[in-house]
Amino acid sequence: MFHVQHRASLSRRAFVVGNYTFLVALSLLCLLPLVQVLSISFSSSAAASAGLVKLFPVDFTLASYSYILQKQEFINSFGITLQRLILGFVTNMGLSLLCAYPLSKERKDLRIRSWYAWFFVFTILFSGGLIPTYMVISMTGLIDTLWALIIPSAVSVFNVILLLNFFRGLPQEVEESAFLDGAGHWTVLWKMYVPMSYPVLATVALFTMVFHWNSWFDGLIYMNFPKNYPLSTYLQLLVINSNPMKMDPRNLAGILEISERTTRAAQIFLGALPILIVYPFLQRFFVKGIVLGSVKG
Amino acid sequence: MNIKKTKREMPLHLMLVPGVVILLIYCYYPMLGFAIAFQKFIPINGLFGSNWIGLGNFRYVLQMPDIWKVLGNTVFIATMKILFGLIVPIVVAILINELKVMLIKRGVQTLIYLPHFLSWVILGGVLVDILSPSEGIVNQLLNAVGLDSVFFLGSNHWFPSVLIFSDVWKEFGFSTIVFLAAITGINPALYEAAIVDGASHTRQMWHITLPGMVPIIVLMATLSLGNVLNAGFDQVFNLYSPSVYESGDILDTLIYRIGLLDAQFGVATAIGLFKSIVSFVLIAVSYFMAYRLVNYRIF
Numbered sequence: 001m002f003h004v005q006h007r008a009s010l011s012r013r014a015f016v017v018g019n020y021t022f023l024v025a026l027s028l029l030c031l032l033p034l035v036q037v038l039s040i041s042f043s044s045s046a047a048a049s050a051g052l053v054k055l056f057p058v059d060f061t062l063a064s065y066s067y068i069l070q071k072q073e074f075i076n077s078f079g080i081t082l083q084r085l086i087l088g089f090v091t092n093m094g095l096s097l098l099c100a101y102p103l104s105k106e107r108k109d110l111r112i113r114s115w116y117a118w119f120f121v122f123t124i125l126f127s128g129g130l131i132p133t134y135m136v137i138s139m140t141g142l143i144d145t146l147w148a149l150i151i152p153s154a155v156s157v158f159n160v161i162l163l164l165n166f167f168r169g170l171p172q173e174v175e176e177s178a179f180l181d182g183a184g185h186w187t188v189l190w191k192m193y194v195p196m197s198y199p200v201l202a203t204v205a206l207f208t209m210v211f212h213w214n215s216w217f218d219g220l221i222y223m224n225f226p227k228n229y230p231l232s233t234y235l236q237l238l239v240i241n242s243n244p245m246k247m248d249p250r251n252l253a254g255i256l257e258i259s260e261r262t263t264r265a266a267q268i269f270l271g272a273l274p275i276l277i278v279y280p281f282l283q284r285f286f287v288k289g290i291v292l293g294s295v296k297g
Numbered sequence: 001m002n003i004k005k006t007k008r009e010m011p012l013h014l015m016l017v018p019g020v021v022i023l024l025i026y027c028y029y030p031m032l033g034f035a036i037a038f039q040k041f042i043p044i045n046g047l048f049g050s051n052w053i054g055l056g057n058f059r060y061v062l063q064m065p066d067i068w069k070v071l072g073n074t075v076f077i078a079t080m081k082i083l084f085g086l087i088v089p090i091v092v093a094i095l096i097n098e099l100k101v102m103l104i105k106r107g108v109q110t111l112i113y114l115p116h117f118l119s120w121v122i123l124g125g126v127l128v129d130i131l132s133p134s135e136g137i138v139n140q141l142l143n144a145v146g147l148d149s150v151f152f153l154g155s156n157h158w159f160p161s162v163l164i165f166s167d168v169w170k171e172f173g174f175s176t177i178v179f180l181a182a183i184t185g186i187n188p189a190l191y192e193a194a195i196v197d198g199a200s201h202t203r204q205m206w207h208i209t210l211p212g213m214v215p216i217i218v219l220m221a222t223l224s225l226g227n228v229l230n231a232g233f234d235q236v237f238n239l240y241s242p243s244v245y246e247s248g249d250i251l252d253t254l255i256y257r258i259g260l261l262d263a264q265f266g267v268a269t270a271i272g273l274f275k276s277i278v279s280f281v282l283i284a285v286s287y288f289m290a291y292r293l294v295n296y297r298i299f
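Protein sequence lines correspond, in order, to chains A and B.
Letter 23 of the first sequence, counting from 1, is numbered 23 in UniProt numbering, and no numbers are missing.
Letter 173 of the second sequence, counting from 1, is numbered 173 in UniProt numbering, and no numbers are missing.
Structure follows, in structure tokens:
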């Protein structure tokens, strides 16, 4: 009896140790590829091309970064992304709230609620596809304007669903007593729902910011001139163009400390930086926000 | 009475106006554009001035030498992503649930969620670098243990595996969120009862944790059914090159090349229409199944 117990606890201990090791290794696997590219961006071109850079930079230098930050295209596209982020964030959040609030109501408060709901959900199920969408955007005159990156995606049905599911979980009594005190729907939305919904608002805010920061395809097809590209599109072009299989050697001769590889690494890292900064602050909210907003029962 | 009710509903309707208008213009209006699939579309003549050619574009698509290959690639890559994208998060969620040191548990979760938030442009750049046959760290490691360098992104043999592996790598952490939530929702009394009955940790996992997750597993599996034709445009577009079209070209990338690069709008739209209809049917079926199986509704 004692023997069996001992053996069980031993295998249990082995499992626990193995489990910790495995999961820590797994999470490092998510981080290390980024760290490696970061190290290359901080290394001299010689060390990078000789394959000396492993986890830490070799011959630490900021040359790649100073080269990039002097490039007018980079600054330009960064500015466009910043505008896009601010305008897109305000429009997306505003419209998502405005759509989610009425849709979170019961049938008795909004009689054609399910019509509206299907109207929204159908857009997830079926879409016009690439070419027709492109044509509509060109017909409405958005090509080569910042609005092409904001208006077509201004209503994110996914975010609306997250918000409305959260709204439905809020206590009904609060709203009823507000109505008895003479408040209208607008007051209830802004003064009661919004302050009560921080976890889900933080989640939707993170998704919206990440969406606008990361979007590159709309920039690629709706902008005719590279000077109108947002940062992600600009980076995408560099990643694809400097893809060794496509052979587009950018002539950097004369600048010995940097190479195509180190500058590319630096640009990749700068492209990911804002997300790496914002992410830890919002991380603790989104798990709660997603779980409360989407998974029921 | 009805007028009064309508009046009370007015602010709600007003709130929905901007959203509805945008969806009408940018989601519903393009659906009319599917007419292009049945036309020899010439942009200058417009939607109403172009010649109707019936199913001509579809016949053309069926005669394209690569179309079956591309369809096969799409279904294969997407199915593998769905399969591993379900299994890995379930296993990881169960393992994370066993972690008792909060600091490590938090740390692991924070790190595995991270890649989800980076775009395929960034991760594509990272992969191109670390998988590079000459300078990439992965091949250096392979060489160090005596293996030959592998041109991961340039070989038709490896390319689909890279797509599947890297997609699972990017998304498994984020997918564990719902599974972890499901585990948290299991009644602790079940575990207490099992311990009293002398159940080992392994038995608890098999007989309590896993059955407790079944509804959410069924739900995630059914909902992912709609993605069988979505093999991931962003990822493929940022990683592929002509040398791996044979194994990596998918419907979405084909539509992009035919439509926007070759300007064959009718043909591209025909493929797009096919994809939209099949996806719609699959999603409709999966939502219906999810409702019947685990009583899931989207809203």
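A virtual CB, placed ideally from N, CA and C, is assigned to each residue, including glycine.
Bear in mind the structure is a predicted one, so any value in this text is a computation, not a measurement.
Taking the alpha carbon of B:His157 as the point to measure from, which residue in B:Val21, B:Ile271, B:Tyr245 and B:Gln63 has its own alpha carbon closest? Along the second sequence, read from residue 1 onward, the residue named residue 157 of chain B stands at position 157. Cα-wise, what sits closest to B:His157 is B:Tyr245.
Regarding A:Phe15 and the ligand NAD, is the C-beta to nearest heavy atom distance less than 7 Å? No copy of the ligand NAD occurs in the structure displayed, which carries no ligand at all.
Chain A contacts from the region 177 to 201 of chain B (Cβ-Cβ distance under 7 Å): Of all residues in the region 177 to 201 of chain B, those with a C-beta nearer than 7 Å to a C-beta of chain A are Ile177, Val178, Ala181, Ser200 and His201, reading in chain order.
Tell me which residue opens and which closes the alpha helix (DSSP H) that B:Tyr28 is part of. Taking the second sequence and counting its residues from 1, the one referred to as residue 28 of chain B is at position 28. If you look at B:Tyr28, you'll find it isn't in any alpha helix (DSSP H); DSSP assigns it neither H nor E.
Could you pull out every residue in the same chain whose Cβ sits closer than 8 Å to the Cβ of B:Ile164, ignoring the five residues on either side in sequence? Counted from its first residue, the second sequence places residue 164 of chain B at position 164. Ile77, Met80, Lys81 and Phe84, listed in sequence order.
So, is A:Leu10 buried or exposed, given that buried needs 16 or more other C-beta atoms within 10 angstroms? The residue you call residue 10 of chain A lines up with position 10 of the first sequence. A:Leu10 comes out exposed.
Restricting to Cα atoms, I'd like to know which of B:Leu282, B:Phe265, B:Ile250 and B:Val236 is closest to B:Ser119. Position 119 of the second sequence, counting from 1, holds the residue named residue 119 of chain B. It is B:Val236 whose Cα lies nearest to the Cα of B:Ser119.
Who are the near neighbours of B:Ser241 in its chain, counting only those whose CB is closer than 8 Å to its CB and skipping five residues on each side? One-based indexing of the second sequence puts residue 241 of chain B at position 241. The answer, listed in chain order, is Leu153 and Gly154.
Alpha carbon of B:Ile283 to alpha carbon of A:Leu235, nearest angstrom: If you number the second sequence from 1, residue 283 of chain B lands on position 283. If you number the first sequence from 1, residue 235 of chain A lands on position 235. For B:Ile283 and A:Leu235, the distance between alpha carbons rounds to 34 Å.
Return the first residue and the last residue of the alpha helix (DSSP H) that A:Ile180 is part of. Walking along the first sequence from the start, residue 180 of chain A turns up at place 180. Just to set this straight, residue 180 of chain A is Leu in the shown sequence, not Ile. Its alpha helix (DSSP H) spans residues Gln172 to Leu180.
Give the list of continuous beta strand (DSSP E) stretches no shorter than 3 residues that lie fully inside the region 104 to 178 of chain A. Segments of the beta strand (DSSP E) lying fully in the region 104 to 178 of chain A: there are none.
When the Cα of B:Val88 is compared with those of B:Ala221, B:Gly232, B:Phe274 and B:Gly272, which residue comes out closest? Within the second sequence, residue 88 of chain B is the residue found at index 88, counting from 1. Selected option, being the one with the closest Cα: B:Ala221.
Buried versus exposed, by CB contacts within 10 Å (16 or more), A:Leu180: For the purposes of this step, residue 180 of chain A is taken as the residue at position 180 of the first sequence. Within 10 angstroms of the beta-carbon of A:Leu180 lie fewer than 16 other beta-carbons, which makes it exposed.
Which class does A:Gln70 belong to by DSSP, given the choice of helix, strand or coil? In the first sequence, the residue the question calls residue 70 of chain A occupies position 70. Looking at A:Gln70 - three-state DSSP - the assignment turns out to be coil, as it is neither helix nor strand.
Three-pair Cβ contact test at 8 Å for the region 109 to 118 of chain B versus the region 166 to 180 of chain B: The region 109 to 118 of chain B is in contact with the region 166 to 180 of chain B.
Determine contact between the region 85 to 100 of chain A and the region 205 to 212 of chain A, defined as no fewer than three beta-carbon pairs at a distance below 8 Å. With contact defined as three or more Cβ pairs closer than 8 Å, the region 85 to 100 of chain A and the region 205 to 212 of chain A are in contact.
Please check the pair A:Leu103 and A:Ala117, which I expect to be a contact at CB under 8 Å, by giving their CB distance rounded to whole angstroms. As a first step, residue 103 of chain A must be located in the first sequence, where it is residue number 103. As a first step, residue 117 of chain A must be located in the first sequence, where it is residue number 117. A:Leu103 to A:Ala117, Cβ: 6 Å. Contact.
Taking only three categories from DSSP, how would you classify B:Gln39? Residue 39 of chain B sits at position 39 when you count from the first residue of the second sequence. Strand at B:Gln39.
Roughly how many whole angstroms lie between the Cα atoms of B:Leu141 and A:Val188? The residue you call residue 141 of chain B lines up with position 141 of the second sequence. The residue you call residue 188 of chain A lines up with position 188 of the first sequence. One C-alpha to the other measures close to 60 Å.
Given that a residue counts as buried once 16 or more other Cβ atoms are within 10 Å of its Cβ, and exposed if not, what is A:Gly129? Taking the first sequence and counting its residues from 1, the one referred to as residue 129 of chain A is at position 129. Counting other Cβ atoms within 10 Å of its Cβ, A:Gly129 reaches 16 or more and is therefore classed as buried.
Would B:Ile283 count as contacting chain A if we go by Cβ distances under 8 Å? For the purposes of this step, residue 283 of chain B is taken as residue 283 along the second sequence, with counting starting at 1. For B:Ile283, the nearest beta carbon of chain A is closer than 8 Å to its own beta carbon.
Residue of B:Leu223, B:Val20 and B:Phe48 minimising C-alpha distance to B:Leu32: In the second sequence, counting from the first residue as 1, residue 32 of chain B sits at position 32. Taking only the C-alpha atoms, the option nearest B:Leu32 is B:Phe48.
Rounded Cβ spacing between B:Ile250 and B:Thr74 (contact assumed at less than 8 Å): Residue numbering aside, residue 250 of chain B sits at position 250 when the second sequence is read from its first letter. Residue numbering aside, residue 74 of chain B sits at position 74 when the second sequence is read from its first letter. Yes, they are in contact, since the Cβ atoms of B:Ile250 and B:Thr74 sit about 4 Å apart, within 8 Å.
List the DSSP bridge partners of B:Trp52. Working through the second sequence from its first residue, we reach residue 52 of chain B at position 52. According to DSSP, which records beta bridges pairwise, B:Trp52 is partnered with B:Gln39.
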